[in-house]
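Here is the structure we will look at.
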Amino acid sequence: MKLAENTFLKAIRAGQQQVGLWVSLSHAYAAEAVAPAGYDWALLDMEHSPNELASLLGQLQAFAASDTTAIVRPDWNDPVKVKRLLDLGVPGVLFPMVQTVEEAQAAVAACRYPPHGIRGVAGTMRGNKFGRVTDYYAEVEKQTAILIQLETVQAVENAVAFAGVDGVDGIFFGPADIGADMGLLGDPMHPDIWALIRPAARLLMERGMPVGTLVSNPDFAAELLNDGFSFVACGSDAGLLARGADNLLANVRGKLI
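FYI, numbering that gives the first Met the number 0 numbers position 233 of the sequence shown as 232, with every residue one higher than the one before it.
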């Protein structure tokens, strides 16, 4: 048995637009509800959700039956956590709050076996289908997406430096935290935030580095993708549930006599 190709990684390397969904509800049943929708990628969040490895496993199993690539964001750039995620078969990792080139290099090292990194070696695990994937050790580093998240003004201003880190496959801008760093807490769509992000993103695109982000406005998500962003999440499962519940109730109450 051969290791499956990472279709998300192949797509962003080819410059193809990838539409994503943020997954925060932290349960396999909720994941199973959105997995067949047809998004190109989904971000299973462990940083700002009550997700742990056991709950994450069920979500990975739900998405395994779909064509959507499930990327995972751990709660920190922690090589022990990353090792366990990769052993679970995670096809990509989004590292939060990367501030320096050295932190980006550490993220890559956490995903690489020696001598190129520090990932510990497990023999029988979900990642290699319990020993059945015969080329796992030779191919996994080519098929694992390593994405880093820039979340401060300083990191955005230094974005080009991160593009030079060998092994980084994509750079993700976090507008909410960037906005907070700018004194614009709670307003991730503020024009000043995007006036900072978009020129930095353009510099990365010119160097062939795929860029991504999360926004909750579908029109703006499409605009960013049409402007060269490679991977954009256009909403979240929690947001869809909350807004759907609100809109349904308002719809019915608005028709009562």
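Yeah, the Cβ is synthetic: ideal placement off N, Cα and C, and Gly gets one too.
Closest residue to LEU85 among PHE7, ARG111 and ALA105 (Cα-Cα distance): ARG111
Beta strand (DSSP E) runs contained entirely in the stretch 183 to 226, provided each spans 3 or more residues: 210 to 213
Whole-angstrom C-beta distance between SER215 and GLY185, which should lie under 8 Å: Contact doesn't hold; Cβ gap of about 13 Å is too wide.
is_contact[ALA220, chain B] using C-beta, thresh 9 Å: In the structure shown, chain B cannot be found, because there is only a single protein chain.
Rounded straight-line distance, which links the Cα of ALA137 to that of ALA249: 55 Å
Beta-carbon spacing of ALA106, PHE94 below 9 Å: yes
Nearest residue (CA-CA) to ALA152, options VAL71, LYS80, THR99 and GLN60: The question names Ala, yet the displayed sequence has Val at residue 152. Ranking VAL71, LYS80, THR99 and GLN60 by Cα distance to VAL152 puts THR99 first.
9 Å Cβ cutoff met for VAL89 and LEU59: yes
Beta-carbon proximity list for VAL164, same chain, < 7 Å, skipping 5 on both sides: VAL100, ALA103, GLN104 and VAL107
Euclidean distance between Cα positions of LEU224 and VAL231: 7 Å
ALA154: CB within 8 Å of a non-hydrogen atom of the ligand HEM: The ligand content of the structure shown is nil, which means the ligand HEM is not present either.
Assigned exposure category for LEU52 - 16 Cβ within 10 Å defines buried: exposed
Identity of the residue in ASN76, HIS47, THR67 and ASP134 nearest GLU175 by Cα: Contrary to the premise, residue 175 reads as Ala rather than Glu in this sequence. For ALA175, the nearest C-alpha among the options comes from HIS47.
Exposed unless 16 or more other CB atoms sit within 10 angstroms - verdict on LEU247: exposed
Contacts around ALA220, its chain only, beta-carbon distance under 7 Å, and the 5 residues preceding and following it disregarded: VAL214, VAL231 and CYS233
Reference ALA257, options PHE7, ASP44, ALA13 and THR6, closest by Cα: Beyond the ends of the chain as shown, which are 0 and 256, falls residue 257; an answer cannot be given.
Buried/exposed call for TYR28, threshold 16 Cβ in 10 Å: exposed
Beta strand (DSSP E) segment containing ASP44, residue limits: 40 to 44
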